[in-house]
Ligand code: ZN
Ligand code: ZN
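Residue numbers (the working numbering): 441 to 858.
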């Protein structure tokens, strides 16, 4: 660690950082005594990784195994690695991770990379490397998407990310501001984060219980550039906040989280929709997206910025043009009110109603744990190598729930719960 990095780390409140580690272990993962933990993080997040390891072992973790990534090493690959290597990924590593998940290892991802890291690299190489990695990661991703084990994502305010979010501030100020924004959104600025999360989870649970009671067949969205009907999957179930993984552990997969979400029907989406916030995807910014759906499939896609990247994403596989998630977030959510664009889905998706292209979550079905992949597909669940959230909510969006008999119930008005 250089002197400079030590100075930057000093702008992060150590008490709140420790609470974030504790919240990740006790609330996010709800790590069980004897359970192993596999975690990934950028090297810059080492102070948080160390706090997490301590809290994990105090909670009775068996083995904590971290894998750290480094931005400079990632860039070296794009600049110097042989051309043919961009269609490869360390499958042996992902297979090992899948085996660890099968043996009930919990999974923590600490995010904090510069969201624009790959912005200057060849988009074709970025797309190839990403596709190769997605394919190799599939055996492990299935266990995460299928919610076999307890998992959690939290964020660390790294300097390279902070510079993107607050480009006009000196680095130490940018890091301090990003740190405070992360801590507030993650509810660790409060004295008792574990109690705060219990109350927040109860509020999200009551929203999803209401939606589950309604059993809407579709949601209809209208707003500027948007006239969209999203059919919901047969036997869909709304989820929000904490929920139980198949291994029986109740956990909070995302910290922060403000959304309630479910599975749309992959073949029953009609109309057009415009994005309301930029999407940061693997170092590229895609902005001003507008797409048109026919029978669940995107048949027309435009973007004011990053259209080439968007079209590459849509061509990943057949499921990449169909929806795998629909999520409701009020415009008054604390993350939205902060007014910060984080360039990171974990935060930006919790500022706004969103939809996701690609893979669905099998836990968003009634009895999801017992359904086969074939049954999920038949009920309208989508399958893809990708899962990419993008924001379609604003204070000008209205959403109606549509019942099977065509009757409508207001769900959102001007971006708020009706
Ligand atoms: Zn979501
Ligand atoms: Zn999502």
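Positions of the beta carbon are idealized from the N, C-alpha and C atoms, including for glycine. Because the structure is a prediction, the values reported are computed rather than measured.
Between the alpha carbons of residue 603 and residue 452 lies a gap of roughly 15 Å. Between ligand 1 and the CB of residue 701, the shortest heavy atom gap is smaller than 7 Å. Sequence-distant partners of residue 579 (beyond 5 residues in either direction) whose C-beta falls short of 7 Å from its own C-beta, in its chain, are 534, 535 and 538. C-alpha of residue 745 to C-alpha of residue 796: approximately 19 Å in a straight line. The DSSP-derived three-state label of residue 528 is coil. In the structure shown, residue 808 falls within a helical segment according to DSSP collapsed to helix, strand and coil.
Per DSSP, residue 623 is one residue of the alpha helix (DSSP H) stretching across 611-625. Note on geometry: alpha-carbon atoms of residue 722 and residue 554 lie some 10 Å from one another. In this structure the stretch 640-659 touches the stretch 673-685; the number of beta carbon pairs closer than 8 Å is three or more.
The three-state secondary structure of residue 515, taken from DSSP, is helix. Counting the other Cβ atoms within 10 Å of the Cβ of residue 847 gives fewer than 16, which makes it exposed. Residue 612 places its beta carbon 8 Å or farther from that of residue 541.
Boundaries of the alpha helix (DSSP H) harbouring residue 785: 785-788, taken from the DSSP string.
Across the set 815, 637, 562 and 741, the C-alpha of 637 shows the shortest separation from the C-alpha of residue 467. Counting C-beta pairs with one atom in each stretch, the stretch 836-856 and the stretch 702-711 have fewer than three that are closer than 8 Å, which means they do not touch. Residue 771 and residue 793 have their C-alpha atoms spaced approximately 8 Å apart. With the rule of 3 Cβ pairs closer than 8 Å, the stretch 683-696 does not count as touching the stretch 715-732. 665 is the residue among 665, 515 and 735 whose C-alpha sits nearest the C-alpha of residue 836. Around the beta carbon of residue 507, a 10 Å sphere encloses fewer than 16 other beta carbons of the protein chains shown; the residue is thus reported as exposed.
The nearest non-hydrogen atom of ligand 1 is 7 Å or more from the C-beta of residue 649. Apart from the 5 residues on each side of it in sequence, residue 493 sits with its Cβ closer than 6 Å to the Cβ of 504 in its chain, given in chain order.
The beta carbon of residue 824 is closer than 6 Å to those of 757, 759, 760, 798 and 799 in its chain, skipping five residues each way along the sequence.
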